[in-house]
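Our numbering runs 58 ahead of the 1-based position in the sequence shown.
Beta carbons are placed, not taken as given, at the ideal position from N, Cα and C, and that holds for glycine.
Worksheet for the structure shown next.
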Amino acid sequence: MKIIMLGAPGAGKGTQAKLIAEKYQVPHVSTGDIFRANIKNGTELGMEAKKYMDQGQLVPDELTVRILLDRVAQEDCKNGYVLDGFPRTIPQAQVLDEALTKQGEEIDYAINVDVPDENIVRRMSGRRACVKCGATYHIEHIPPKVEGVCDTCESELILRDDDKPETVQNRLKVYHDQTQPLIDFYTKKGVLKTVDGTVDMQDVFKAITDILG
């Protein structure tokens, strides 16, 4: 079972990817994690990717797909995997598609966790992170016992730059410009399934498992 997770930043697709991986006993493959692992282990592909990253450039699609295919060719992926964070653009989806077709494989499901922009801005701007231990909270859903103070180490909680409303709006614009077209791409392939991401996390997961069976 090969699954791609789609959804805007903050839609909760990473959380759902982990839950799917756990339930169906397949790896949760995050491109960020693969890059870090390859660079840490000093692999040839990792060193190639590092050259671009050190210069502040995006890793080219072709190299990203090579690193991804190298990961999904490993033994633990033989029964499938959940892709999180890739593809982000139509060219990436096409390169992945071609590579899988050559291996006689294809994506089984593209799950789109759908959350309106205003919900995402509210959701992300409510996040708070501890400056010292990195623990995360949410002023509505997981508030600290004392406002602005970490439960664990009693350090200050802050709103990270990434979670500020203006930053979130920018990230959503990039998402709509680049990633939204993937919804059409996978709809045409007949593998797209959309779930309502505004409901409780467990209800989102139930909707996904109803689709996957």
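Quick check: M63 and K71, are their CB atoms within less than 8 Å of each other?
Contact: yes.
Is the beta carbon of S213 sitting closer than 8 Å to the one on K190?
Cβ atoms of S213 and K190: closer than 8 Å.
Rounded to whole angstroms, what is the Cα-Cα separation between T194 and K222?
If you take the alpha carbons of T194 and K222, they lie about 15 Å apart.
Name the DSSP beta bridge partners of E214, please?
For E214, which the question treats as bridged, DSSP gives the partners V207.
Can you tell me whether P325 is buried or exposed, with buried defined as 16 or more other CB within 10 angstroms of its CB?
No statement about residue 325 is possible, as the shown extent of the chain runs from 59 to 271 and does not include it.
I want to know whether the segment 114–122 touches the segment 163–182 - three or more CB-CB distances under 8 Å.
As far as the Cβ criterion goes, the segment 114–122 does not touch the segment 163–182, which means the pair count is below three.
Let's see if you can read the secondary structure: which residues bound the alpha helix (DSSP H) around K42?
No information on residue 42 is available, as it lies outside the stretch 59 to 271 that the chain covers here.
Less than 7 Å between C-beta atoms, sequence neighbours within five positions excluded: which residues of the same chain meet that for G143?
Taken in chain order, the residues that qualify are S88, T89 and G90.
Tell whether a beta-carbon distance below 8 Å holds between I148 and L126.
Not closer than 8 Å, so no.
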